[in-house]
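Below you'll find the structure, written out as structure tokens, and then a few comments.
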Amino acid sequence: MPHPEEFDFEELAELIYPQVSGFYAEPDAETLRRVLEDGLTLEQAAGLVIGDTIQVYTQEKSATEGIASSFILNPDWRHVRDYIADMLHQVFVSHLPQFQAEAGKRQMPMHDLAAGIVVAAVKKYLQSGEKEEVNHPIPEQHHDLDIGL
Numbered sequence: 001m002p003h004p005e006e007f008d009f010e011e012l013a014e015l016i017y018p019q020v021s022g023f024y025a026e027p028d029a030e031t032l033r034r035v036l037e038d039g040l041t042l043e044q045a046a047g048l049v050i051g052d053t054i055q056v057y058t059q060e061k062s063a064t065e066g067i068a069s070s071f072i073l074n075p076d077w078r079h080v081r082d083y084i085a086d087m088l089h090q091v092f093v094s095h096l097p098q099f100q101a102e103a104g105k106r107q108m109p110m111h112d113l114a115a116g117i118v119v120a121a122v123k124k125y126l127q128s129g130e131k132e133e134v135n136h137p138i139p140e141q142h143h144d145l146d147i148g149l
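Every letter in the sequence shown is one number past the one before it in my numbering, and letter 19, counting from 1, is 19.
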């Protein structure tokens, strides 16, 4: 099993931050149209796209560098997608005032705070394999949806 220094979470974070920004700081009309057409919330669509990015990244790292795709065997990628969607729902919907206050204290944009939360949570899951409760999952019928964003 690899050691934490063998897996570059900073590089992964560099992929995630622009995606969160793309959904929340600079959403384009096409993205919003596709999300609504597919019957998803913005958080669910982001969970799918960001989860796919993480899965592809870890699998490519495993194939090209010979390290395991994560610290646990066989990560539950559906859980990762659901977990990301749930965290984004908490940040931007259900607990928005608390996260706005936190972003204000840190003098950072909300989408950067959200991206940091996503990176930390995914890292924790990939290292421990411990699943957190998900209150706002992606509907089952959408898990294999390629929303093309």
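Every residue, glycine too, gets a C-beta built ideally from N, C-alpha and C. As the structure is a prediction and not an experimental result, all values here were calculated from the model.
Which of the three DSSP states, helix, strand or coil, is assigned to residue 28?
One-based indexing of the sequence shown puts residue 28 at position 28. Coil.
Between which residues of its own chain and residue 91 is the CB-CB distance below 6 Å, once the five residues before and five after are set aside?
Indexing the sequence shown from 1 puts residue 91 at position 91. So the list reads 99, 114, once near-sequence residues are dropped.
When we look at the beta-carbon of residue 104 and count the other beta-carbons within 10 Å, is it buried (16 or more) or exposed?
Stepping through the sequence shown from its first residue, residue 104 is reached at position 104. It is exposed - the Cβ of residue 104 has fewer than 16 other Cβ atoms within 10 Å.
Can you give the Cα-Cα distance for residue 25 and residue 18, rounded to whole angstroms?
The sequence position of residue 25 within the sequence shown is 25, counting from 1. The sequence position of residue 18 within the sequence shown is 18, counting from 1. Approximately 9 Å, taken between the alpha carbons.
How about the segment 41-50 and the segment 81-89: do they share at least three Cβ pairs that are nearer than 8 Å?
Three or more Cβ pairs drawn from the segment 41-50 and the segment 81-89 lie within less than 8 Å of each other, which places the two stretches in contact.
Which of the three DSSP states is assigned to residue 104 in this structure?
As a working mapping, residue 104 is identified with position 104 in the sequence shown. It is helical.
Which whole-angstrom value describes the C-beta separation of residue 93 and residue 16, a residue pair presumed to lie in contact below a C-beta threshold of 8 Å?
Numbered from 1 along the sequence shown, position 93 holds the residue referred to as residue 93. Numbered from 1 along the sequence shown, position 16 holds the residue referred to as residue 16. Going by Cβ atoms, the distance from residue 93 to residue 16 rounds to 19 Å, so no, they are not a contact pair.
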